[in-house]
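Notes for the one structure printed next.
There are 2 protein chains.
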Amino acid sequence: MTTTDSGRRRLGTTPRTPAQKRVLVAALELIAEHGVSGTSLQMIADAMGVTKAAVYHQFKTKDEIVVGVTEMELATLEDAVAAAKAESDPARARKVLLTQVVDMAVARRPWVRTLQNDPIIIRLLGEHEPFRDFISELFGVLQGDEDSTTARVSAALFSGAIGGAIINPLLDDIDDATLRAALMQFTTRMMNLPD
Amino acid sequence: MTTTDSGRRRLGTTPRTPAQKRVLVAALELIAEHGVSGTSLQMIADAMGVTKAAVYHQFKTKDEIVVGVTEMELATLEDAVAAAKAESDPARARKVLLTQVVDMAVARRPWVRTLQNDPIIIRLLGEHEPFRDFISELFGVLQGDEDSTTARVSAALFSGAIGGAIINPLLDDIDDATLRAALMQFTTRMMNLPD
DNA sequence: GTCTATATCGAGATAGAC
DNA sequence: GTCTATCTCGATATAGAC
Chain A
351 MTTTDSGRRR
361 LGTTPRTPAQ
371 KRVLVAALEL
381 IAEHGVSGTS
391 LQMIADAMGV
401 TKAAVYHQFK
411 TKDEIVVGVT
421 EMELATLEDA
431 VAAAKAESDP
441 ARARKVLLTQ
451 VVDMAVARRP
461 WVRTLQNDPI
471 IIRLLGEHEP
481 FRDFISELFG
491 VLQGDEDSTT
501 ARVSAALFSG
511 AIGGAIINPL
521 LDDIDDATLR
531 AALMQFTTRM
541 MNLPD
Chain B
351 MTTTDSGRRR
361 LGTTPRTPAQ
371 KRVLVAALEL
381 IAEHGVSGTS
391 LQMIADAMGV
401 TKAAVYHQFK
411 TKDEIVVGVT
421 EMELATLEDA
431 VAAAKAESDP
441 ARARKVLLTQ
451 VVDMAVARRP
461 WVRTLQNDPI
471 IIRLLGEHEP
481 FRDFISELFG
491 VLQGDEDSTT
501 ARVSAALFSG
511 AIGGAIINPL
521 LDDIDDATLR
531 AALMQFTTRM
541 MNLPD
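If you read the protein sequences in the order shown, they are chains A and B.
Under the numbering used here, the first residue of the first sequence is numbered 351, with each subsequent residue one higher.
Under the numbering used here, the first residue of the second sequence is numbered 351, with each subsequent residue one higher.
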């Protein structure tokens, strides 16, 4: 199925040709490292071993590529949000979601920084409706459907700590498993979750 | 004086003409909003009401402007680091430093995101020796001079949480005082500091 | 689906007058 | 200290052949 329970169109269900997927994969890696503004179509084309014109044949504008890449990555969280919403207990729902978010963030360290901080992605997340809806749904679960200031600050601290810690050069030499464990311990303590 | 106890040259002591200061102030605001790559010299010139050539007369390259802006902002933390190092008790030293860092981060919300996440600033912080030395000194105090994995993860979580929370759109409508209090409560709990 | 070639624009940067 | 004018390069983007 391509729609969620709330009627929203699932992210990542846009049909893509193999050539389009190759563009998105190449663009993802470059954008994660250099940011959107720092990544040119020439760099993407070079990474693929083709010319700029070939890339333009797949996507009409650079914006479409950025949207495509963002959509592809956010899609990995769709299942986590769905699973969390299926839980009846809000605390357990948060636990389920947080575990998945931490896993995803650790597995994709470089991209998380860009997703959370690149000025162009930020603007995109605010202006592109499917992204807005998804983010809003995700943070809704994180806040446990209560709109207290404390809940919002906790959710923001959580996402900031994850995003910030994961890309801090201080932690470059810490392996994924250790980092994941430390982050889970931290988030569990911060957000008063069940073990 | 322009050197620290450890012999390092203090950041922010570079002599600047008034015209240079005007450039840095204009550049700071633009870079904070659009990132380094997203800020052109034309944008800086327009914001100042002069031409590009006038800007180039003050700084030979865009890189020098970026270095200048970064130096100017990091300089606001020099006093905090000095005060912290003057404390004999490591726990109290961290407390002093954290308080100042939180204050600075809250007061300069948009810039903190760029400082921590812009790819070009990141590279600069790693390559420009004065910046490397300062950052290293700052994190040294944060870690309390013990090199355990836990201390490093805590320091990284701290800086990530501050940076991430401060610019999260979720918290845009929370006033500075409330945000500062929430961050202090969080950091105190996270890093096992005295109240 | 990919190519060569090209158009157009804006970027960083410089020369020299005032 | 600022200006006009200009250079060069690389960016996004398009046209049309294979």
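All C-beta atoms, glycine included, are put in the ideal place defined by N, C-alpha and C.
Rounded to the nearest angstrom, what separates valine 418 of chain B and serine 438 of chain A at their Cα positions? In the sequence as presented, valine is not what sits at residue 418 of chain B; that position holds glycine. Roughly 53 angstroms between the two C-alpha positions.
Where do the N-terminal and C-terminal ends of the alpha helix (DSSP H) with asparagine 467 of chain B fall, by residue? Going by DSSP, asparagine 467 of chain B is part of the alpha helix (DSSP H) stretching over 459-467.
Any heavy atom of the ligand SAM closer than 7 angstroms to the CB of arginine 442 of chain B? With respect to small molecules bound, the structure shown includes none, and the ligand SAM cannot be examined in it.
Identity of the residues DSSP links to threonine 353 of chain A by a beta bridge: In the DSSP output, where bridge partners are listed per residue, threonine 353 of chain A has A/Arg359.
Between the Cα of phenylalanine 508 of chain A and the Cα atoms of A/Met534, A/Phe484 and A/Pro519, which residue gives the shortest distance? Closest by alpha carbon: A/Met534.
Which bits of chain B does glycine 513 of chain A rub up against, with CB to CB less than 9 angstroms? The contacting residues are Asn467, Gly510, Gly513 and Gly514.
Using 8 angstroms for Cβ pairs, my map puts arginine 482 of chain B next to glycine 490 of chain B. What's the rounded Cβ distance? The Cβ separation is near 12 angstroms, so there is no contact.
Mind reading off the beta-carbon distance from threonine 363 of chain B to threonine 352 of chain B? Whole number of angstroms is fine, and I expect it under 8 angstroms. Yes, they are in contact, since the Cβ atoms of threonine 363 of chain B and threonine 352 of chain B sit about 4 angstroms apart, within 8 angstroms.
Please list the residues of the segment 479-506 of chain B that have a C-beta atom closer than 7 angstroms to any C-beta atom in chain A, keeping them in chain order. Taking 7 angstroms as the upper bound on Cβ-Cβ separation, chain A lies near residues Phe489, Thr499, Arg502, Val503, Ala505 and Ala506 of the segment 479-506 of chain B.
Looking at the structure shown, is methionine 541 of chain B part of a helix, part of a strand, or coil, going by DSSP? Residue state, collapsed to three classes: coil.
Where histidine 324 of chain B sits in the DSSP three-state scheme: Examination of residue 324 of chain B is not possible in this model, given that chain B is present from 351 through 545 alone.
Kindly indicate which residue of B/Leu543, B/Arg539, B/Ile516 and B/Ile470 has the alpha-carbon position closest to the one of arginine 530 of chain B. Closest by alpha carbon: B/Ile516.
In chain order, what residues of the same chain lie with their CB nearer than 7 angstroms to the CB of glutamate 383 of chain A, ignoring the 5 residues before and after it? Closer than 7 angstroms at Cβ, skipping near neighbours: Pro460.
Bounding residues of the alpha helix (DSSP H) (the contiguous stretch that carries proline 368 of chain B): Proline 368 of chain B -> alpha helix (DSSP H) spans 368-384.
Compare the C-beta of alanine 430 of chain B with all C-beta atoms of chain A and state if any pair is closer than 8 angstroms. Taking Cβ atoms only, chain A never reaches closer than 8 angstroms to alanine 430 of chain B, which makes this a no.
Secondary structure of valine 291 of chain B, DSSP reduced to three states: A query on residue 291 of chain B cannot be resolved here, the shown segment of chain B reaching from 351 to 545 and no further.
Say whether the segment 381-397 of chain B touches the segment 438-457 of chain B, bearing in mind that this needs 3 or more beta-carbon pairs closer than 8 angstroms, one atom from each stretch. Verdict: no, contact absent.
On the three-pair Cβ rule with 8 angstroms, is the segment 417-435 of chain B touching the segment 361-380 of chain B? Contact between the segment 417-435 of chain B and the segment 361-380 of chain B is present, because at least three Cβ pairs lie under 8 angstroms.
Residue burial classification, alanine 441 of chain B (beta-carbon count within 10 angstroms, cutoff 16): The residue in question, alanine 441 of chain B, is exposed, as its Cβ has fewer than 16 Cβ neighbours within 10 Å.
Does DSSP classify aspartate 522 of chain A as helix, strand or coil? In the structure shown, aspartate 522 of chain A falls within a coil segment according to DSSP collapsed to helix, strand and coil.
Exposed or buried, proline 368 of chain A, counting other C-beta atoms within 10 Å across all chains shown (16 or more means buried)? Exposed, by the Cβ-count rule.
C-beta atoms of alanine 532 of chain B and valine 452 of chain A nearer than 8 angstroms: For alanine 532 of chain B and valine 452 of chain A, no; Cβs fall outside 8 angstroms.
On the CB-based measure, 16 or more other CB atoms within 10 Å of its CB, does serine 387 of chain A come out buried or exposed? Residue burial is scored here from C-beta neighbours: serine 387 of chain A has at least 16 other C-beta atoms within 10 angstroms and is therefore classed as buried.
So, glycine 513 of chain B versus glycine 399 of chain A, is the Cβ gap smaller than 8 angstroms? Judged by beta-carbon spacing, glycine 399 of chain A lies beyond the 8 angstroms limit of glycine 513 of chain B, meaning their Cβ atoms are not closer than that value.
With 8 angstroms set as the bound, which would you pick, yes or no: does the beta-carbon of threonine 528 of chain B sit closer than that to a beta-carbon of chain A? By this cut-off, threonine 528 of chain B is an interface position.
What residues in its chain sit with their C-beta under 7 angstroms from that of alanine 404 of chain A, if we drop five residues either side in the sequence? Listed in chain order, the non-local C-beta contacts of alanine 404 of chain A below 7 angstroms within the same chain comprise Ala395, local neighbours out to five positions each way being set aside.
What do you get for glycine 357 of chain A, buried or exposed, if any count of 16 or more other CB atoms within 10 angstroms of its CB means buried? So glycine 357 of chain A counts as exposed.
Hey, is phenylalanine 409 of chain A's beta-carbon within less than 8 angstroms of any beta-carbon in chain B? Output row for phenylalanine 409 of chain A: interface = no.
Arginine 450 of chain A to alanine 430 of chain A, Cα distance in whole Å? A small correction: the amino acid at residue 450 of chain A is glutamine; arginine does not occupy that position in the sequence shown. In this structure, the straight-line span from the alpha carbon of glutamine 450 of chain A to that of alanine 430 of chain A is close to 6 angstroms.
Does chain B have any CB closer than 8 angstroms to the CB of leucine 520 of chain A? Using a CB distance cut-off of 8 angstroms, leucine 520 of chain A counts as an interface residue toward chain B.
Tell me the residue span of the alpha helix (DSSP H) that contains threonine 426 of chain A. Membership of threonine 426 of chain A in any alpha helix (DSSP H) is not indicated, and neither H nor E is assigned to it by DSSP.
Could you name the residues of the same chain whose beta carbon sits closer than 6 angstroms to that of alanine 432 of chain B, not counting the 5 residues immediately before and after it, in chain order? Closer than 6 angstroms at the Cβ level, and outside the excluded window around alanine 432 of chain B, lies no residue.
Kindly list the residues whose CB is nearer than 6 angstroms to the CB of histidine 478 of chain B, restricted to its own chain and excluding five residues on each side of it in sequence; keep chain order. Excluding residues within five positions, none has a Cβ falling inside 6 angstroms.
Answer with yes or no whether the minimum CB distance from arginine 459 of chain A to chain B is below 8 angstroms. Not one chain B Cβ lies under 8 angstroms of arginine 459 of chain A.
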